[in-house]
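Since the structure comes first, as structure tokens, the remarks are kept for the end.
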Amino acid sequence: MGKIVFYNDGTSQFICGQNVFDVTEGIQHNCKQNFVTIDTNTQLGSDASIYNLKEIDTKFVINPNIDDLYKK
Numbered sequence: 228m229g230k231i232v233f234y235n236d237g238t239s240q241f242i243c244g245q246n247v248f249d250v251t252e253g254i255q256h257n258c259k260q261n262f263v264t265i266d267t268n269t270q271l272g273s274d275a276s277i278y279n280l281k282e283i284d285t286k287f288v289i290n291p292n293i294d295d296l297y298k299k
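Residue numbers (my numbering): 228 to 299.
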């Protein structure tokens, strides 16, 4: 889908195709959230499998990079 680039000054950007987005830390949440994947490649009539990959500790906010938008 895209990639996150981390810079030496501590900033980061999300690059998706020709679009550049600034990444900042979001507000902390007080409910438990997990990042999961669901395996739907099961035989007809059987249950899908769900795998817990990681607990989400921090949220991020991704906004369009205004300087990049003016260049286009």
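Backbone N, C-alpha and C define an ideal beta-carbon position, used for all residues, glycine too.
Self-check item: Backbone CA spacing between residue 247 and residue 273 [nearest angstrom]
Solution: Sequence index remark: in the sequence shown, residue 247 carries index 20 (1-based). Sequence index remark: in the sequence shown, residue 273 carries index 46 (1-based). Going by the C-alpha atoms only, they are around 42 angstroms apart.
Quiz item: Where does residue 241 land, buried or exposed, given buried means 16+ other C-beta within 10 angstroms?
Solution: In the sequence shown, residue 241 corresponds to position 14, counting from 1. Taking all protein chains shown into account, residue 241 has 16 or more neighbouring C-beta atoms within 10 Å of its C-beta and is therefore buried.
Exercise. Give a yes or no on whether the C-beta atoms belonging to residue 286 and residue 253 are separated by under 9 angstroms.
Key: As a position in the sequence shown, residue 286 is number 59, starting the count at 1. As a position in the sequence shown, residue 253 is number 26, starting the count at 1. Taking 9 angstroms as the Cβ cut-off, residue 286 and residue 253 qualify as a contacting pair.
Quiz item: What's the C-alpha gap between residue 288 and residue 251?
Solution: As a first step, residue 288 must be located in the sequence shown, where it is residue number 61. As a first step, residue 251 must be located in the sequence shown, where it is residue number 24. Each residue's alpha carbon lies about 5 angstroms from the other.
Quiz prompt | Straight-line Cα distance separating residue 283 from residue 259 | solution = On the sequence shown, residue 259 is found 32 positions in, with the first residue counted as 1. On the sequence shown, residue 283 is found 56 positions in, with the first residue counted as 1. If you take the alpha carbons of residue 259 and residue 283, they lie about 8 angstroms apart.
Practice problem: Leaving aside the five residues before and after residue 291 along the sequence, list all residues of the same chain whose C-beta is less than 8 angstroms from its C-beta, in chain order. | Solution: Position 64 of the sequence shown, counted from the start, is the residue given in the question as residue 291. These residues qualify, in order along the chain: 246, 247, 248, 249.
Practice problem: Using the Cα positions of residue 297 and residue 233, report the straight-line distance between them to the nearest angstrom. | Solution: Translated into the one-based positions of the sequence shown, residue 297 becomes position 70. Translated into the one-based positions of the sequence shown, residue 233 becomes position 6. Going by the C-alpha atoms only, they are around 22 angstroms apart.
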